[in-house]
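Asker: Before I ask anything, let me first share the structure, which is written out below as structure tokens.
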Amino acid sequence: MSRRAAQEPPPPPPPPPAIQTIQTTEVLVEAEDVTFVDQSIDADSYVEAPVIEKKAAAAPPPPPPPPPPAPEPEVAEIFKVVEEMPRFPGCDSGTAAEKKACADEKLLQYLYKNLKYPAIARDSTALEWKLKRWVYNHSKLSIITPSKWLSNLAKQSLLGCYPIHTIPYGLDTQAYQLLIGRCADPP
Numbered sequence: 023m024s025r026r027a028a029q030e031p032p033p034p035p036p037p038p039p040a041i042q043t044i045q046t047t048e049v050l051v052e053a054e055d056v057t058f059v060d061q062s063i064d065a066d067s068y069v070e071a072p073v074i075e076k077k078a079a080a081a082p083p084p085p086p087p088p089p090p091p092a093p094e095p096e097v098a099e100i101f102k103v104v105e106e107m108p109r110f111p112g113c114d115s116g117t118a119a120e121k122k123a124c125a126d127e128k129l130l131q132y133l134y135k136n137l138k139y140p141a142i143a144r145d146s147t148a149l150e151w152k153l154k155r156w157v158y159n160h161s162k163l164s165i166i167t168p169s170k171w172l173s174n175l176a177k178q179s180l181l182g183c184y185p186i187h188t189i190p191y192g193l194d195t196q197a198y199q200l201l202i203g204r205c206a207d208p209p
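If you're matching positions, the sequence shown starts at 23 in my numbering and goes up one per residue.
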């Protein structure tokens, strides 16, 4: 808005509407001759009651028809129930027990190959790991295993920094070797 428009006074109000006068003309209707009929009733006079015809009450309209039944949902038909586990390739021949053993072995191979859990996840929580580390560091710890396989697993765990020794089954296996050429009966 410009300054000039802001300084101009508002326009004057519109003039009041003009009052119109309407002339009315009175029209008189002449009354006709009215005759008086006596409608007084004596106590002895007989009066016929008017006959009122009662119209039979109209029958109520019939109730609306019930809604059509809802369409039943279409259920997909099950053609076959699979009761066998899927197998890895190469486990299709043999008896059922052989197939299961083969599939279990290949499943474990796949899991060992593709799933690598960090050591901290295997030990449940970081707090437990710290407590174990503190206890192991404050003791003279030496790990003894009955097999090389178990020794390798211990080296991969949090015990890997401690000395690990293998004593096969805690027995001297040389004492139980088969003696070839000796007779079974003592002399």
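Glycine included, C-beta positions come from ideal geometry on N, C-alpha and C. In this text, all values refer to a predicted model and were calculated from it rather than measured experimentally.
(1) Going by C-alpha to C-alpha distance, which of 166, 152 and 167 sits closest to residue 16?
(2) According to DSSP, what are the bridge partners of residue 186?
(3) Give the C-beta separation of residue 173 and residue 186 to the nearest angstrom, bearing in mind that I take them to be a contact with Cβ-Cβ under 8 Å.
(4) My parser needs the alpha helix (DSSP H) runs of 4 or more residues fully inside the stretch 71-154; what are they?
(5) Note down the Cα distance separating residue 128 from residue 167, rounded to an integer number of angstroms.
(6) Roughly how many angstroms separate the alpha carbons of residue 191 and residue 170, rounded to a whole number?
Answerer: So, from the data block:
(1) The chain is shown from 23 up to 209; residue 16 falls before or after that span and cannot be answered.
(2) Here residue 186 corresponds to residue number 164 of the sequence shown, with the count starting at 1. 165.
(3) Position 151 of the sequence shown holds residue 173. Position 164 of the sequence shown holds residue 186. Residue 173 to residue 186, Cβ: 5 Å. Contact.
(4) 118-136 and 141-144
(5) For the purposes of this step, residue 128 is taken as the residue at position 106 of the sequence shown. For the purposes of this step, residue 167 is taken as the residue at position 145 of the sequence shown. Rounded to the nearest angstrom, the two C-alpha atoms are 28 Å apart.
(6) As a position in the sequence shown, residue 191 is number 169, starting the count at 1. As a position in the sequence shown, residue 170 is number 148, starting the count at 1. Rounded to whole angstroms, residue 191 to residue 170 spans 11 Å at the Cα level.
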